[in-house]
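Residue numbers (our numbering): 171 to 307. Cβ atoms here follow ideal geometry from the backbone N, Cα and C, with glycine treated the same way. If you're wondering where the values come from, they're calculated on a predicted model, not measured in any experiment.
What follows is the structure in structure tokens.
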């Protein structure tokens with residue numbers, strides 16, 4: 171029950187090595203739990219998407235397995251903020267908070283490979299003004 175996307179044969183073709191590289195799963199009391207391991211994390215540009223995509227993946231695996239989604243533990247070896255992101259982060263901290271949206275996944279899907287984009291939606295998703303984030307590669 172381990173995934174690993176760190177394929178050494180493909181590294182020479184990548185502009186950036188995979189940051190989130192492994193998930194390990196376990197089942198306890200009818201709950202599917204996961205540990206996400208990540209070698210590096212640009213906290214402003216990537217943390218949100220990495221957490222969300224792996225949390226949704228955990229929910230998908232749990233649903234397809236007839237389990238409840240449990241805990242997602244995220245281990246980051248090198249969490250960092252780039253100098254060019256500091257002013258953006260200061261602006262974001264001052265913004266009003268919004269309640270977290272609710273994820274809806276079509277409960278009729280029980281085969282992991284049958285999930286389609288239309289089987290997912292965010293409900294009560296509120297957000298502020300969008301910003302551009304410079305990315306370093």
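So, with DSSP's three-state summary, where would you put residue i?
| i | result |
| --- | --- |
| residue 210 | coil |
| residue 217 | helix |
Indicate whether residue i and residue j have their beta-carbon atoms separated by less than 8 Å.
| i | j | result |
| --- | --- | --- |
| residue 273 | residue 229 | yes |
| residue 258 | residue 301 | yes |
| residue 250 | residue 221 | no |
| residue 197 | residue 237 | yes |
| residue 215 | residue 242 | no |
| residue 255 | residue 303 | yes |
In the DSSP assignment, find the unbroken beta strand (DSSP E) run with residue i in it and report its ends.
| i | result |
| --- | --- |
| residue 293 | 290 to 293 |
| residue 273 | 272 to 275 |
| residue 321 | What is shown of the chain runs 171 to 307, which leaves residue 321 out entirely. |
| residue 242 | 238 to 246 |
| residue 195 | 190 to 198 |
Buried or exposed: residue i, going by 16 or more other Cβ atoms within 10 Å of its Cβ?
| i | result |
| --- | --- |
| residue 204 | buried |
| residue 292 | exposed |
| residue 270 | exposed |
| residue 178 | exposed |
| residue 193 | buried |
Between residue i and residue j, how many whole angstroms is the CB-CB distance? I'm expecting something under 8 Å.
| i | j | result |
| --- | --- | --- |
| residue 279 | residue 288 | In fact, because the Cβ distance is near 11 Å, the residues do not count as touching under 8 Å. |
| residue 174 | residue 191 | 6 Å |
| residue 223 | residue 189 | That pair is no contact at about 12 Å. |
Considering just the uninterrupted stretch of the alpha helix (DSSP H) at residue i, what are its terminal residues?
| i | result |
| --- | --- |
| residue 257 | 256 to 264 |
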